[in-house]
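What follows is a set of notes on a single structure, which appears directly below.
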Amino acid sequence: MKTAIRNGFTLLELLAAMTVLVLILLLFTQIFGHASKTSEGETRKISSFSGAIGAFDRLSMDLAMRVRSENALAVSSDGKTLSFFTQVRNSGGSSRASLVTYLIKDGKLLRSVKPTHWSDSTSQPIPASDGEVLADEVFGLQFSFMRRDGLMYPNVGTSLSENSSLIATFACLDRRSRQRFQNAEVRLNELNLSALNGVSESGSSLTPLSFWDAVSLSEKAGELGAAIRTHASFYERRYALD
């Protein structure tokens, strides 16, 4: 009798120990799973940030060597494409300058550099429609201009000298998030044109970065909605035009 009772207690102790062990394992699984998701999310954000910073720095170098003239810089009517004459290196050895264009195509930021013989009589630059991928994390952009009155506008106005700075705003989504969807580039390109609005033509005290957010954008992104809401990032930088 005593032996049976002792064996019963031993079995209960063993079951209790196994239950505790299972609970500990479940706890560690949840902890490591959460840590893994956090690490993955941070990795994606770092990827987006690196792409944006690289593009901002390239634009900074191009603008530093731009031709200072009223007719040497132009932006599209929707503020999605920027072109200007600059003295960066190009493949045309005999040319004096380059026409540089920044634009979004197929959900990626492109940079086009074309040799040109710029002169004071040259008309405003005509934006290129293609180029090399500068940052495949950047799927949306908007160019704005800060005028001397302190307000932001989507265009240069009647004179480039009216503006004190150029504002570039980027929307980014990491490569891994894109790869999960077959038509991601097409949808991201549509979002850039239709869902990432610029500042008002009448002037704004706020830049596009103040209006853009992942939640509202995700509602217009279709199957990309969850990826946009979780992993999309937005960045902005200003460049002096003096």
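Just so we're aligned: the sequence shown equals residues 0 to 241 in numbering that gives the first Met the number 0.
From the three backbone atoms N, C-alpha and C, an ideal C-beta is built for every residue, glycine too.
This structure is a prediction, so every number in the text was calculated from the model and none was measured.
Bridge partner(s) assigned by DSSP for Gln-86: As a working note, residue 86 is residue 87 in the sequence shown. None; Gln-86 has no bridge partner.
Cα-Cα separation between Ser-35 and Met-64, rounded to whole angstroms: Here residue 35 is taken as the residue at index 36 of the sequence shown, counted from 1. Here residue 64 is taken as the residue at index 65 of the sequence shown, counted from 1. At Ser-35, the pLDDT of 48 sits below 50, so the modelled position is not reliable; the number obtained from the coordinates is stated separately. Here the C-alpha atom of Ser-35 lies approximately 44 angstroms from the C-alpha atom of Met-64.
Per DSSP, the bridge partner or partners of Glu-131: Against the sequence shown, residue 131 aligns to sequence position 132. According to DSSP, Glu-131 bridges with Arg-110.
Nearest-angstrom beta carbon gap, Gly-149 and Leu-190 [assumed within contact, 8 angstroms]: Your numbering for residue 190 matches position 191 in the sequence shown. Your numbering for residue 149 matches position 150 in the sequence shown. That belief does not hold up - the Cβ atoms of Leu-190 and Gly-149 are roughly 30 angstroms apart, past 8 angstroms.
Touch test, the stretch 101-118 against the stretch 157-166, Cβ-Cβ under 8 angstroms, three pairs minimum: These segments do not touch.
Helix, strand or coil at Leu-190 according to DSSP, with G and I counted as helix: The count along the sequence shown starts at 1 and reaches residue 190 at position 191. Leu-190 falls in the helix class under three-state DSSP.
Proximal residues to Arg-177 (C-beta, below 6 angstroms), its chain only, five neighbours per side dropped: Working through the sequence shown from its first residue, we reach residue 177 at position 178. Cβ within range, chain order: Ala-183.
Backbone CA spacing between Ser-215 and Ala-170 [nearest angstrom]: As a working mapping, residue 215 is identified with position 216 in the sequence shown. As a working mapping, residue 170 is identified with position 171 in the sequence shown. Going from the Cα of Ser-215 to the Cα of Ala-170 covers about 13 angstroms.
Euclidean distance between Cα positions of Arg-174 and Leu-192: On the sequence shown, residue 174 is found 175 positions in, with the first residue counted as 1. On the sequence shown, residue 192 is found 193 positions in, with the first residue counted as 1. Each residue's Cα considered, the two are about 20 angstroms apart.
Range covered by the alpha helix (DSSP H) that runs through Ser-217: On the sequence shown, residue 217 is found 218 positions in, with the first residue counted as 1. Its alpha helix (DSSP H) spans residues 213-217.
Segment limits, beta strand (DSSP E) that includes Ala-239: As a first step, residue 239 is located in the sequence shown; it is residue number 240 there, counting from the start. Residues 232-239.
Ile-52 in three-state terms, based on DSSP: Here residue 52 is taken as the residue at index 53 of the sequence shown, counted from 1. DSSP places Ile-52 in helix when its eight states are reduced to three.
Three CB pairs or more closer than 8 angstroms across the stretch 44-53 and the stretch 12-27: no
Per-residue burial, Ala-213 [other beta carbons within 10 Å of its own, 16 or more giving buried]: As a position in the sequence shown, residue 213 is number 214, starting the count at 1. Looking at its Cβ environment, which holds 16 or more other Cβ atoms inside 10 Å, Ala-213 is buried.
Of the listed residues Leu-98, Phe-233 and Arg-147, nearest to Ser-128 (C-alpha basis): To locate residue 128, count along the sequence shown from 1; it is residue 129. Answer by Cα proximity: Leu-98.
Exposure of Met-17, with buried meaning 16 or more beta-carbon neighbours within 10 Å: One-based indexing of the sequence shown puts residue 17 at position 18. By the neighbour-count rule (16 or more Cβ atoms within 10 Å), Met-17 is not buried but exposed.
Inter-residue spacing [alpha-carbon to alpha-carbon] between Leu-208 and Leu-13: For this step, residue 208 is matched to residue 209 along the sequence shown. For this step, residue 13 is matched to residue 14 along the sequence shown. Roughly 60 angstroms separates the two Cα atoms.
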